Structures are given as C-alpha cells and as structure tokens.
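Here the structure is laid out as structure tokens; the discussion comes afterwards.
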Amino acid sequence: MKKPELLAPAGDLERLKWAIDYGADAVYIGGPSLGLRANAKNFTFAEMEEGIKYAHERGKRVHVTLNIVLHNAEVKEVDTTLEQLKRIDVDAVIVSDPAIIKKAIEKGLEVHVSTQQSTLNHEACKWWYAMGVKRVVLGREATMREILEIKEKLPKLEIECFIHGAMCAGVSGRCVLSNFFTNRDANRGGCAQICRWDFRLYAKNKELKGEQPFTFCSKDLSMLSYLPQMIDAGISSFKIEGRMRSIYYIATVLNIYRKAIDGYCSNPKTYQYNQEFEKVLRNCANRDSVVQFINGVNDENMGYYNGREEISNQDFLGVVLSYDSTTGFALVEQRNYFSLQEEIEIFGPNTNVFSMTIEEIYDEEGNRIDVVRHPKQIVQLRVKKEVRAKDLIRRKIL
Amino acid sequence: MPKMMITLKKKEMLPKTLPFVDAYLFGIEGFSVNEVGSFSIEEVKNLVSLLKEKKKQIFISLNKNMFSKDLEPLENVLEAIEKLHIDGIAFYDVSIPSIMKRRGFLTPLLWSQEHFTTNYATMNYWHEFNVLYTQLSCEITTEEIKEIRKNTNMKLIAQVFGYVPMFYSKRPFISNYKKTFSIKEEGVNYFIEKAGEKYPIKEEGDSTEVYTSTVLNAYLEMEKLEVDYLFFSSFAIEEEKFIEVLRCYRERDKEGLEKLYPFHNGFFNTKTVYRVRDL
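In the order they appear, the protein sequences are chains P and R. For the first sequence, the numbering used here begins at 1 and goes up steadily by one. For the second sequence, the numbering used here begins at 1 and goes up steadily by one.
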C-alpha cells in the first residue's frame, strides 16, 4: 500500500510553515499572478523561494496554482511566470488551461491538471496523460466508480482528490453567478459565494415556500469516514481545500488527517474510524460536513436549508511559544478570551492531544490573573504535560 | 454579415426559422445541457437530412460533463454523428476530443466550455486538434473579442440574444428543497427571485441550471464583434417572439426589435473585476 500525499493549502508564507510543521507532505500556494484566489494574500516570488526552501529542507513539496481562466491580457505573462517558477524550483504547477499546460510541460515543469477542468472520466485523463501531465485533480463530483476506473485504465497517472473543506455548489468553472450578481469574476478569483445567499423559489408565479429560504448552499466535504477506501483505491494525493483558511483550521485539519492516514497505513486491520476526530473537524470549520458525491448519493443531505448563520469560531485560544520543563509553565500567546477553570485541549505535531482545566495563569509581569482577554496577550499558563512551541490550545470539544 | 445560429429545442420550430437562420445547434438526449434541445439519434438523422436539403449548417452539442458511465454510449453517439457529416460537435468535456482522436473521427469540433473560452492562446491550442469553432464566453468584452479575432483562425460564435447560462450543478436543488420542506406542488417554469430580479432555474435529472434575469439583446454591439456567427438562445422565449427577434436581426429592424426586448449588452462593454480591491 502506498501512503498518499497529504496536501494542504497555504495562503501565505506563515501558513506554509505551519502546514509543513503540522504534517503536510506538500502545500499548494498561489503566486502573484495566474492563480484563482485573487483575494488571498498570495506569495511574491521571493516568499515562494523562501517557502520552497523551508519545505525542501524538510523533504516536503510545494505546488503552485496557475488555474486562472486565462484572458488575452494574461497570455503574455504565461512564459515569464513559468520560467520564474522553474527557476525557483517549484515541485509542480496546478493548471486548468491547456495552453498553459502545454507550455509548462515544454519548460520541464511537473503539471497537475486543476479541478477546474472537472475531469471525471478516463478518456479525459488519457488526453492529459498524453500531453505529459503527471497528475489530475479530479472534479469534486467524482464517485468511487470514476476513481477506480481511471486508476485501472491509467495506473501511472497520479490522481488527486479533495478530502476536506468547502464545496462549490456548481460544477467547478461552470458557475459565474458572481460575475452577474456582483461583477466579480468567479473564474478569476473573485467568487463572492452567491451560492450561499438566500432566494425565493417560484413555480410559474406561485412561491414554493419552505420553513427556510431556498439556497444553493452546500455542506462542507469530509472524507474521514471514506479514508481507507480512498487509500486502497490508489489515490496519490489527498487535498485539503482552503488557501484563505486560518492557521488554526489548517493545523487542526492536518493534525487529524495525518493521524488517520498514518494510522490506517501502518495497520489497516486494526484501524478504526474515529468519531472524535470527525467532531473536531466539524467544530473547527463550524459547518456540517458530509462525504458529498463519492458514494454516488446526491440528495438533500448534501446542502444546508436551515437558514444558518456563519458564526465565527471562538475555540482557538492560543499558541504555545515555549515551555519551561523546570516550572511546568508554557508561554502562550492569546487568540480568544479564556479564563480560569476553563476546560482546554492542547495539541501539536509532536504533542498528542490532552485536556486539562486551567488553574494558574500569570501575566508578563508575573501577576496572577483570572482571565486572558486581550488579543495576542502573552501569559504564563501552568500545563499538566510537556508541550512544545507551535502547539495550539483550544476550548475542549464536548 | 455574420451567420445566424440558433438552438433548436423542438422540430416544430424549424419551418418558421428557416428564412432567418444559417446554422442550427441542437443536443442529444442524455448528453446536452444548457437548453440546447434534446433529440434521439433517430430524430437527429431526420433533422440532418432535412437541414442539409435546405443548405443549413448543423452543429450538435454534447456539452455535459461526462462520467465513467457515459463513455460507452458517448462513443456510440460520436460514431453515429461521424456518419452524418455535419459541420461540428460542440464539446465541454475533454473526453470528446480524446475519443475523436483515438477513433480517427473527422467531424470538426466546437470548443464550448462556456466560461473558459476567453482568450486566443487556448483557442490556438485547440485549433491544432480539429477544433475549428469556439463559442465565446459571455463574460468577455468586445475589445477582448476583437483581440481574439486578430490572433486566431478559429471561427468565432458569440451569443447576442437570449437568457445566458450562469450556473450548472450536479445537484438537484429544486427537488432537494421540496423534499426537505415537504412541498408537494409540482411546478413548471421555475424561477428564483432576489432583489426583485427573476432568474429562470431548471432542473433536469440530478442537475440544475440557472440563467440570467435579463435577456441579452446585443443588437447595438453585433457589428463591432467581428465574429463569424451570432448565437440566439430560444430558452424561455415564446416561440412567436423568438421568430420575430430572428427576423428583426436578419432584416436589421432595430425599432421592431426594441419593441420586443430592450437592448442589453451583457458584458460586452463591462469588464468584470479580477480582484475585490479593484472594485
């Protein structure tokens, strides 16, 4: 059994480093141009170089997204961008446009076909493979049948599948709601998520009114329960969605999937699906998640029809900056309000999650305090086990 | 004058459109989306011989996303179309050029990845593979189309009339909503409403399509476009009105046309925004 790559998003250099530290085998990032997340912070070429160096020193890979829907104005940028990416030694480029794919292959870059192409069958895969493409990121609508058939017909072609994160309501690339509603170009990074708006539904002129408004809003994707089948199917890379996600989200999701993948691959017979892991994942995104299309079921449980509001998650409490083993205190930088007697959990790449009650907190001057209410406030927190820099503290998930 | 191309939703439309139309685009059951009509192969054969007699161009649209289960029937359909010697097959899914190449089929292709057809470089890529036509994205400007014209040998098709598809999903949103809230009413002519605008929405099988709230009517822009075909979509347009629209375009009856539908240029003169900070 080949262990799949765990591929994480990174919206900037800081997140790239966190993703690598939290167990990603590879990260995907956007450069200054030709990417599909125009509103993410994105990387300069200098930052990319630094990120690539950081990743390569740790035996990890960096993939760069060039999956914009190309307009004439960008055609002239393509050659220069590809040459710069080659120069700074990126491991792969993720591309949807065949004109860019062709050029990238000619320049010796490893090419992955973006999910924007919605590749869902082996004939389309054959086209890309014949061009010299190394990997295809399948459309999110692919079922296990598609995955198995593609692997059977083209065993040497690498397949990448999304395993976690937000879903497009439409087929990728076939939605321009944002263009028409807000004049923001959905296929060039400007998606305004119109699919999450409420609408009124009519048949002829009669309103069909449910208890909640009509919407296209989709639940998130979580493939945790399907992980063994996906590994057995020979998928090369498991992708987490979300270049605009927070460090806490990326670290939490990676931490769970790293454990699950390693657990299954080290001993498939004893591996068990962990409900607690799923709970942590749901909590951190604050959205329901389902397996979406993989099992061929396409029903009302895949979407939201409950008029939910997007309430920001307050579970992320702080980051461990250092630990003093002689005193048992951790130096912590606050992210959300917490206080004495609160039940917390601490986890990290090398720290197995443990829970504890907060019993002692001191401010920077050494004064004992009851609450930590200021953003980025530095405090000393007594912890019951050894912790490490970059471990994260969250409210205990019940 | 560019040629006029229309979607043919039903055979009965044909006689009245013949005086105004140069090219017809229609779909095949199970392989076509975005309201291009849906005929069986047998019906297509009859239509093709009829249209050939009338010296009309014929394009067949197989523009859905193809899943594994679609491949075998798709190959049979492509084989049947190859024998018909039509002018082109419109495709979205890359499986179509892949099968055509493998089987050595010679029917020209029409690149119809509706929102991706935005630049000349990609058109030139496809042109090397017997893709001779491109249906242009409705989200690009006249200036961009002119630049494409200068830099490609593709025959260009631009929609100038009708509702424009803006969303396609493999989720049955109307059924799901009705099921969730136990809504029993069966409906036709569905639309969704937001801020007073009504957007046609259509569910077919497990897919949903949503269209613009306004009818594109780019009469004032058509001369500037420098394209080879003007495309007219008949979706959700009354048949008589649609025929009259075609007459107006053909006969340059600007006043008559304006009485039917206000002029609306879509994105021909409006550049969409790339980054939010550019707003």
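Beta carbons: idealized from backbone N, C-alpha and C, even for Gly. Keep in mind it's a predicted model, so treat the numbers as computed, not measured.
Reduced DSSP secondary structure (H/G/I, E/B, other) of residue i
{"i": "R103 (chain R)", "result": "helix"}
{"i": "Y249 (chain P)", "result": "helix"}
{"i": "L136 (chain R)", "result": "coil"}
{"i": "I88 (chain P)", "result": "coil"}
{"i": "Y222 (chain R)", "result": "Contrary to the premise, residue 222 (chain R) reads as Met rather than Tyr in this sequence. The answer is helix: DSSP assigns M222 (chain R) an H, G or I state."}
{"i": "H264 (chain R)", "result": "strand"}
{"i": "M1 (chain P)", "result": "coil"}
{"i": "Q116 (chain P)", "result": "helix"}
{"i": "H71 (chain P)", "result": "coil"}
{"i": "P165 (chain R)", "result": "strand"}
{"i": "C195 (chain P)", "result": "helix"}
{"i": "V276 (chain R)", "result": "A caution first: V276 (chain R) carries a pLDDT of 49, below 50, which makes its placement in the model unreliable, though a value can still be read off. Correct three-state label for V276 (chain R): helix."}
{"i": "Y304 (chain P)", "result": "coil"}
{"i": "V418 (chain P)", "result": "This structure cannot settle anything about residue 418 (chain P), because the visible part of chain P is limited to 1 through 398."}
{"i": "D228 (chain R)", "result": "coil"}
{"i": "T80 (chain P)", "result": "helix"}
{"i": "T143 (chain P)", "result": "coil"}
{"i": "H115 (chain R)", "result": "coil"}
{"i": "E143 (chain R)", "result": "helix"}
{"i": "M230 (chain P)", "result": "helix"}
{"i": "G30 (chain P)", "result": "strand"}
{"i": "K206 (chain P)", "result": "strand"}
{"i": "D324 (chain P)", "result": "strand"}
Buried or exposed by the 16-neighbour rule on C-beta atoms within 10 Å, applied to residue i
{"i": "Y456 (chain P)", "result": "Outside the shown range of chain P (1 to 398) lies residue 456 (chain P), about which nothing can therefore be said."}
{"i": "F105 (chain R)", "result": "buried"}
{"i": "D79 (chain P)", "result": "exposed"}
{"i": "D232 (chain P)", "result": "exposed"}
{"i": "R61 (chain P)", "result": "buried"}
{"i": "G165 (chain P)", "result": "buried"}
{"i": "M1 (chain R)", "result": "exposed"}
{"i": "R103 (chain R)", "result": "exposed"}
{"i": "F354 (chain P)", "result": "exposed"}
{"i": "M230 (chain P)", "result": "buried"}
{"i": "D278 (chain R)", "result": "With a pLDDT of 47 at D278 (chain R), under the threshold of 50, the modelled position of that residue is not reliable, and the figure given next carries that caveat. Burial call: exposed."}
{"i": "T17 (chain R)", "result": "buried"}
{"i": "T252 (chain P)", "result": "buried"}
{"i": "E204 (chain R)", "result": "exposed"}
{"i": "M1 (chain P)", "result": "exposed"}
{"i": "V276 (chain R)", "result": "With a pLDDT of 49 at V276 (chain R), under the threshold of 50, the predicted position of this residue should be treated as unreliable, though the coordinate-derived value follows. Exposed, because fewer than 16 other Cβ atoms sit within 10 Å of the Cβ of V276 (chain R)."}
{"i": "G132 (chain P)", "result": "exposed"}
{"i": "Q314 (chain P)", "result": "exposed"}
Unbroken beta strand (DSSP E) run spanning residue i, endpoints
{"i": "A453 (chain P)", "result": "Absent from the model: residue 453 (chain P). The displayed extent of chain P is 1 to 398, so no value can be given."}
{"i": "T122 (chain R)", "result": "No beta strand (DSSP E) contains T122 (chain R), which is instead part of the alpha helix (DSSP H) from 120-127."}
{"i": "L381 (chain P)", "result": "378-382"}
{"i": "P200 (chain R)", "result": "197-204"}
{"i": "R200 (chain P)", "result": "198-203"}
{"i": "F26 (chain R)", "result": "23-27"}
{"i": "Q334 (chain P)", "result": "329-334"}
{"i": "F91 (chain R)", "result": "88-91"}
{"i": "A130 (chain P)", "result": "First-last for A130 (chain P): 122-131, but that is the alpha helix (DSSP H), not the beta strand (DSSP E)."}
Residue j beta carbon less than 9 Å from that of residue i
{"i": "A192 (chain P)", "j": "F181 (chain P)", "result": "yes"}
{"i": "T152 (chain R)", "j": "T141 (chain R)", "result": "no"}
{"i": "D206 (chain R)", "j": "P262 (chain R)", "result": "no"}
{"i": "V245 (chain R)", "j": "F161 (chain R)", "result": "yes"}
{"i": "L154 (chain P)", "j": "H122 (chain P)", "result": "yes"}
{"i": "D89 (chain P)", "j": "F43 (chain P)", "result": "no"}
{"i": "V93 (chain P)", "j": "L70 (chain P)", "result": "no"}
{"i": "Y28 (chain P)", "j": "L7 (chain P)", "result": "yes"}
{"i": "R395 (chain P)", "j": "E342 (chain P)", "result": "yes"}
{"i": "V371 (chain P)", "j": "V332 (chain P)", "result": "no"}
For residue i, the first and last residue of its enclosing alpha helix (DSSP H)
{"i": "T17 (chain R)", "result": "14-17"}
{"i": "I81 (chain R)", "result": "71-82"}
The ligand ZN heavy atom lying under 8 Å from the CB of residue i
{"i": "E29 (chain R)", "result": "Within the structure as shown, the ligand ZN is missing, as the structure has no ligands at all."}
Please name the residues in the segment 70-81 of chain R whose beta-carbon is closer than 9 Å to at least one beta-carbon of chain P, in chain order. D70, L71, L74, E75
Cβ-based contacts, 8 Å cut-off: residues of the segment 115-134 of chain R near chain P: H115, F116, T118, N119, Y120, A121, T122, N124, Y125, W126
Can you give me, in chain order, the residues of the segment 158-179 of chain P that have a beta carbon less than 8 Å from any beta carbon in chain R? A169, G170, V171, G173, R174, C175, V176, L177, N179
To be precise: take each residue of the segment 85-108 of chain P, compare its Cβ to all Cβ atoms of chain R, and keep it if any distance is under 7 Å. Which residues remain? D97, P98, A99, K102
Quick one: which residues of the segment 276-309 of chain P get their C-beta closer than 7 Å to a C-beta of chain R? List them in chain order. N298, D299, E300, M302, G303, Y305
Output needed in chain order: residues of the segment 214-228 of chain P with a Cβ under 8 Å from some Cβ in chain R. Under the 8 Å Cβ criterion, the segment 214-228 of chain P contributes F214, F216, S218.
Interfacial residues, the segment 34-60 of chain R to chain P, with Cβ spacing under 8 Å: none
Can you give me, in chain order, the residues of the segment 79-102 of chain R that have a beta carbon less than 7 Å from any beta carbon in chain P? D93, V94, S95, P97, S98, I99
For the segment 186-209 of chain R, which residues have a beta carbon sitting closer than 7 Å to at least one beta carbon of chain P? Here the close residues are G187, V188, N189, Y190, F191, I192, E193, K194, D206.
Chain P contacts made by the segment 156-171 of chain R, where a contact means CB separation under 7 Å: M166, F167, Y168, S169, K170, R171
Positions along the segment 171-185 of chain R whose CB lies within less than 9 Å of some CB in chain P: R171, P172, F173, I174, S175, N176, Y177, K178, K179, T180, F181, S182, I183, E185
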